[in-house]
Amino acid sequence: MLCRWGDGRIGSSNMFFQRDAFSLLHSASEKEGIDPDSLEIESMSGLKRGGISVHNGLTWHGSKKNMSKTRPRRGLGIHFIPGNAKFHEGASKSSLWKNYSHNPDGKLLDHLPEDLYPLTGTAVED
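According to the numbering used here, the sequence shown is numbered sequentially starting from 217.
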């Protein structure tokens with residue numbers, strides 16, 4: 217399978233799986249100034265078929281390659297963002313976001329359309 221990754225890399229998805237399952241994590245932590253030896257790794261290896269993992273979107277996370285030859289891995293992502301979030305002009309470069317972030321005339325939206333990004337809650341003031 218040929219993939220186009222968000223940071224511009226193109227190639228087979230197989231080339232992005234390292235033999236050392238933690239090499240990307242360690243590299244990312246070093247770039248952030250975090251000692252890789254100080255990381256706390258939580259294993260989801262006990263997650264059964266149909267199970268769920270819920271985590272903060274800022275949590276570094278990933279999974280090993282799907283080893284099945286007959287069953288694709290399925291996933292569902294639900295992302296919550298602040299109600300006042302706006303798209304950045306860089307969204308026009310994203311094959312994922314460019315169709316949602318701009319008007320048909322190509323102008324960047326100044327708000328998130330509620331039909332695509334429904335408001336699920338509001339802050340409660342004390």
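Even glycine gets a Cβ: it sits at the ideal position worked out from N, Cα and C. Because the structure is a prediction, the values reported are computed rather than measured.
By the C-beta density criterion, Leu-324 is exposed, having fewer than 16 other C-beta atoms within 10 angstroms. Around the CB of Leu-328, 16 or more other CB atoms lie within 10 Å, so the residue is classed as buried.
Listed in chain order, the non-local C-beta contacts of Leu-332 below 7 Å within the same chain comprise Tyr-316, local neighbours out to five positions each way being set aside. Under DSSP, His-318 takes part in a beta bridge, and its partners are Leu-324.
Going by beta carbons, Gly-299 and Leu-335 fall inside the 8 Å limit. Counted as a single uninterrupted DSSP element, the alpha helix (DSSP H) harbouring Glu-246 occupies residues 239-247.
Leu-241 is positioned such that its CB atom lies closer than 8 Å to that of Trp-276. Annotated as distal: Ser-254 and Met-260, with beta-carbon spacing of 8 Å or more.
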